[in-house]
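In this note's numbering, the protein residues as written are 12 to 402. We put the CB at the ideal spot given by N, CA and C, even for glycine. Notes to accompany the following structure.
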Amino acid sequence: MTTLKQTKNKFRKKLDRKFKKEIFQMLYKMFCVLPINNNKISILSDSRKKLSDNFQLVYDELERRHKYEYFLLLKESVTKRKRYLEIIKLAYHIATSKVIMLDDFYPMIYPLKIRKNADLIQIWHAVGAFKTFGYSRVGKVGGPNPNSKNHRNYTKVIVSSSEVAPFYAEGFGVDINKVVPTGVPRTDVFFDEDYKNNMNQKLYEKYPELQGKKVILYAPTFRGNGQSSAHFPMEQLDLESIYEQLDDNVVFLIKHHPFVKKKISIPVEYGDKIKDFTKYPSVNDLLFITDLLITDYSSVCFEYALLNKPMIFYCFDLEEYIESRDFYIPYQDFTPGPIVRTCDEMIQKIKDLSDVEKVDYTNFTNKFFEDLDGQSTERVADLIESCMKSI
């Protein structure tokens, strides 16, 4: 028997859907009769609840240059409910902002027609491109409907290099002329020696048990089609073998993708050598104290390559991943480090690389980074300012 509470919840969910779609889009059209505020920037995200990474860096640079007006609506997930007042404000500010900035998938904005003298700029959170996404995945499981409106209304998309611009144009379904190789702001810290030294000091102060150790960071991407289905097969890590076979001067850090909600269970007796760093907010900062990176299909390999330290690609499901996701570049041709298929192979490769401190990734970084100068933030800010000044 349906209770009164269940009936109310069902009604609220139905009203929420109606408000997020029909009412929101109607409000946006109404607010479009108002003039655009040529000094206002809206910053929107459905994957972070506070300014950080690219958003924070660009915001700080813009603040240094000029006092713009800002509207921020940041949610940690696409499933996080927006209150009705937030939705009304969102419609108003999107309709009247000169520039709207996104950093990830933002479904509410895609049905909207962006006003003629405004810009919708995708400040994409990841660096480079090698695994297919968006419209490059049409026809695959989890791929979009070819008639979808998702992403297509971007007026500008920033990328790390002209090499990957065609991939982003295809993935987002936009003209390649809208894809701008400014570089990605979050990579600027890799060219800032003071930042790197300060971050090392802060990390060692917070985690003194890491100092003097060889730090191995395992940072794989998630499996699944997105936030709602994200998972990782934890059984692919043989924690007992890792603990027993790695030297006592090694610390093995595990940082899963933030979409993966299930926590890895590390037995207490392994805690001195194997640690879960999934909740640490910035994987980039961890890279500075990392001596060896182990990843799979994650874009973290692009940032780590800037440090010219060794990495291993542990791909236990490569054929399955190729079939379901695929790559713009054949995976074996792309990876700048050795590929291993089992946990035992991974452990052996760690031992093989135990004395390797530096490698040369020049060819790789020259391909995926337009400018290796640490000034991507300034170029993105220049792009936004030019949009703010456009008539």
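Within 8 Å, strictly: CB atoms of M399 and F299: No, these two residues do not count as a Cβ contact at 8 Å.
For Q133: DSSP bridge partner residues: L113, V168, per the DSSP bridge assignment.
Cβ shell of D382 (< 6 Å), same chain only, five flanking positions each side left out: Excluding positions up to five away in sequence, the list reads G194.
N209 - containing alpha helix (DSSP H), residue span: Unbroken alpha helix (DSSP H) run through N209: 204 to 217.
Residues bridged to T306 [DSSP beta-bridge criterion]: DSSP, once it has assigned bridges, lists F324 as partnering T306.
Sequence-distant residues of the same chain with beta carbon closer than 7 Å to F379, five excluded per side: Hits under 7 Å: G139, S171, S172, E174, V175, F313.
Three-state class that DSSP yields for K100 in the structure shown: Reduced to three states, the DSSP call for K100 is helix.
Short Cβ contact (8 Å threshold) for Y325 with V351: For Y325 and V351, yes; Cβs fall inside 8 Å.
Proximity test, V191 beta-carbon vs the ligand COA heavy atom, cut-off 7 Å: Judged by which ligands are present, the structure shown has none, so any question about the ligand COA falls away.
Bounding residues of the alpha helix (DSSP H) (the contiguous stretch that carries L318): Taken as a continuous stretch (DSSP letters only), L318 belongs to no alpha helix (DSSP H), as it is neither H nor E.
Burial state of D199, where buried means 16 or more other Cβ atoms lie within 10 Å: Answer is buried; the Cβ neighbour count reaches 16.
Sequence-distant residues of the same chain with beta carbon closer than 6 Å to N50, five excluded per side: Exclusion of the five residues before and after N50 leaves Y79, E80 as the residues of its chain whose Cβ lies within less than 6 Å of its Cβ.
For L84, the residue or residues it bridges with in DSSP: DSSP lists L55 as the beta-bridge partner residues of L84.
Contact check, V294 vs A230, beta carbons under 8 Å: Contact flag set, yes.
Candidates I323, P244, V279, Y342, of which the one nearest S365 by Cα: When only C-alpha atoms are compared, the closest one is I323.
K320 versus H267: straight-line alpha-carbon distance, rounded: Taking the straight line from one Cα to the other gives about 20 Å.
Neighbourhood of I9 by C-beta, 7 Å cutoff - its chain only, sequence neighbours within 5 removed: Not covered by the structure: residue 9. The range shown for the chain is 12 to 402.
Span separating the alpha-carbon of F338 from that of Q36: Rounded to whole angstroms, F338 to Q36 spans 35 Å at the Cα level.
Whole-number beta carbon distance between F144 and I340, since they are thought to touch under 8 Å: I340 to F144, Cβ: 14 Å. No contact.
Alpha carbon of N20 to alpha carbon of L26, nearest angstrom: Pairing N20 with L26, the inter-Cα distance amounts to about 10 Å.
Residue environment, M41, which counts as buried when at least 16 other CB atoms sit within 10 Å: Flag for M41 reads exposed.
Check whether D296 and L214 have beta carbons under 8 Å apart: D296 places its beta carbon less than 8 Å from that of L214.
Buried or exposed by the 16-neighbour rule on C-beta atoms within 10 Å, applied to Q343: Exposed is the call here.
Environment of E216 [buried if 16+ CB atoms lie within 10 Å]: With fewer than 16 neighbouring CB atoms inside 10 Å of its own CB, E216 falls in the exposed class.
Cβ-Cβ distance between Q247 and F327 below 8 Å: At the C-beta level, Q247 and F327 come within 8 Å of one another.
Distance, G235 Cα to P157 Cα: Answer to the nearest angstrom: the Cα atoms are 20 Å apart.
Sub-8 Å separation of A389 and E72 beta-carbons: According to the sequence displayed, residue 389 carries Glu and not Ala. Going by C-beta atoms, E389 is nearer than 8 Å to E72.
Straight-line Cα distance separating F243 from E251: Approximately 18 Å, taken between the alpha carbons.
Between the CA atoms of G282 and K225 - distance to the nearest angstrom: Each residue's alpha carbon lies about 16 Å from the other.
Bridge-paired residues (DSSP) for K142: K142 is bridged to F338.
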